[in-house]
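Numbering (the working numbering), first residue to last: 653 to 843.
C-beta atoms are modelled at their ideal positions from N, C-alpha and C, and glycine is treated no differently.
Bear in mind the structure is a predicted one, so any value in this text is a computation, not a measurement.
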């Protein structure tokens, strides 16, 4: 079986050992452990996967990524604050203009906020991004109570109440006694 093995020089081995001494989150420690087991202990990918608690293909990806991008790819910051286009303070300042308008009694729509946000960041964003923004700043949907278009008029409601009153039930006659239930035999008469 012709297997291509990753080769590490002495500088890379020293860099991996030095990086393991730092304090990192658990996912970074798994990456560094994977690199150490491959570079220093020279284990196979399936053995490393069992020890480090990752999948075999993840071991190969970690090693390939280290070879291409270096140690910064292993321990560096990969994400940008949940893909926000503005900092918290900038978002608060941005929403302040809409807050003033809403306190003045104007109705604010997400469409307006969406258009202004796109102008502020300089490119298109999804509508969901605006909903996430509003949720982060504890904005909630408040709408005036609407009236259903098919709701009956007050006169029709009153006419219904007059025509369907309790008096109809009084014409039916008295209720049957509890023992006089059809389908019961004489055994159930006193129970």
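Taking a C-beta distance under 7 angstroms as the contact criterion, residue 697 and residue 708 qualify as a contact pair.
Apart from the 5 residues on each side of it in sequence, residue 746 sits with its Cβ closer than 8 angstroms to the Cβ of 738, 768, 769, 772 in its chain, given in chain order. In this structure residue 778 is exposed. Its beta-carbon is surrounded by fewer than 16 other beta-carbon atoms within 10 angstroms.
The beta carbon of residue 688 is closer than 8 angstroms to those of 668, 669, 672 in its chain, skipping five residues each way along the sequence. Non-local C-beta neighbours of residue 806 in its own chain, meaning closer than 8 angstroms and more than five positions away in sequence, are absent. Using a Cβ distance threshold of 7 angstroms, residue 691 and residue 719 do not count as a contacting pair. Here residue 686 is buried. Its C-beta has 16 or more other C-beta atoms within 10 Å.
With a 10 Å radius around the Cβ and a threshold of 16 neighbouring Cβ atoms, residue 714 comes out buried. Taking each of 743, 680, 801 in turn and checking the Cα distance to residue 727, the smallest one comes out for 680. Taking residue 743 as the centre and dropping the five residues before and after it, the same chain places the C-beta of 736, 785, 788, 789 closer than 8 angstroms to its C-beta, in chain order. Boundaries of the alpha helix (DSSP H) harbouring residue 664: 662-671, taken from the DSSP string. Membership of residue 793 in any alpha helix (DSSP H) is not indicated, and neither H nor E is assigned to it by DSSP. Residue 693 sits in coil when the DSSP states are folded into three classes, being neither helix nor strand.
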